[in-house]
Amino acid sequence: MSFRIGQGFDVHAFGDGDHVMLGGVRVPHSQGLVAHSDGDVVLHAVCDAILGALALGDIGRHFPPTDTRWRDADSRMFVRHCRALADDAGWHVVNVDATVIAERPKVAPHAQAMREAIAADLGIDVSAVSVKGTTTETLGFTGRGQGIAAMAVCLLARSA
């Protein structure tokens with residue numbers, strides 16, 4: 014059996030708003046995210062992980078921020094597109110592991126809903142999706158509350 018591993022990373026600054034999108038879930042927060050799409054750092058990192066495993070570049074290549082079609086776009090659509098690229102190339106997602114890096118909002122209360130949304134968009138069992146949060150102990154831009162980041166890894170296997 015053939016396998017490929019990909020990793021992804023994304024970051025967005027906080028701005029005006031009353032929520033953030035994380036893992037396909039609307040999470041109440043005192044700020045929003047500055048982004049061309051909905052700014053979902055978790056899903057953007059997942060997309061980059063899948064695209065990296067497929068050696069197809071990054072999310073900006075497929076959904077450039079200069080293209081007005083993607084203005085305020087739902088990032089779940091991006092994930093479904095990346096899944097379709099994998100399917101078309103004869104690969105399927107085995108699992109995804111994502112980490113949100115932020116002091117706030119807290120991820121734990123929303124992690125299960127994020128796992129379910131990601132699993133649904135990838136067509137895999139929720140048990141194959143991990144979403145967790147961590148802080149930087151008040152260090153760096155995330156520690157100062159200036160933004161949020163996420164990283165993800167995925168494993169692809171050649172479809173039978």
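Going by this note's numbering, the residue at position 133 of the sequence shown is 146; the numbering climbs one at a time, nothing skipped.
Glycine residues also receive a C-beta, built at the ideal position from the N, C-alpha and C atoms.
Are the CB atoms of residue j and residue i within a distance shorter than 8 Å?
i	j	result
G28	V47	yes
V54	I131	no
V120	I18	no
M10	G36	Nothing about residue 10 can be reported from this structure: the residues present for the chain run from 14 to 173 only.
D51	D61	no
A99	V107	no
S88	L135	no
W83	H42	no
T112	T149	no
V104	L69	Here residue 104 is Trp; the residue named in the question, Val, does not match the sequence. No.
Residue i: which of the options sits nearest, CA to CA?
i	options	result
E129	E116, P118, S143, K119	S143
D170	A102, V38, R84, G21	In the sequence under discussion, the amino acid at residue 170 is Ala, which differs from the Asp named in the question. Comparing Cα positions, the closest option is A102.
H32	H123, G73, T148, P78	H123
H94	R84, D85, H75, E150	H75
M34	L135, T147, P118	P118
R39	Q125, L168, Q159, G158	Q125
I63	D85, A86, A133, A97	A97
A133	G158, V92, Q20, Q159	V92
Could you give the distance in angstroms between the alpha-carbon of residue i and the alpha-carbon of residue j?
i	j	result
E116	V109	23 Å
T10	I137	Any answer about residue 10 is impossible in this case: the structure gives the chain only from 14 up to 173.
I114	A163	6 Å
I161	A173	38 Å
P78	S140	33 Å
M14	L168	12 Å
Q159	D85	21 Å
K145	Q20	16 Å
- Task: Please go through the segment 78-132 and give each complete alpha helix (DSSP H) segment of 4 or more residues, from N-terminal end onward.
- Result: 88-101
- Message: With three or more beta-carbon pairs closer than 8 Å as the criterion, would you say the segment 19-26 touches the segment 145-161?
- Response: yes
- Item | Whole runs of the beta strand (DSSP E) within the segment 17-66, excluding any shorter than 3 residues | 32-35, 38-41
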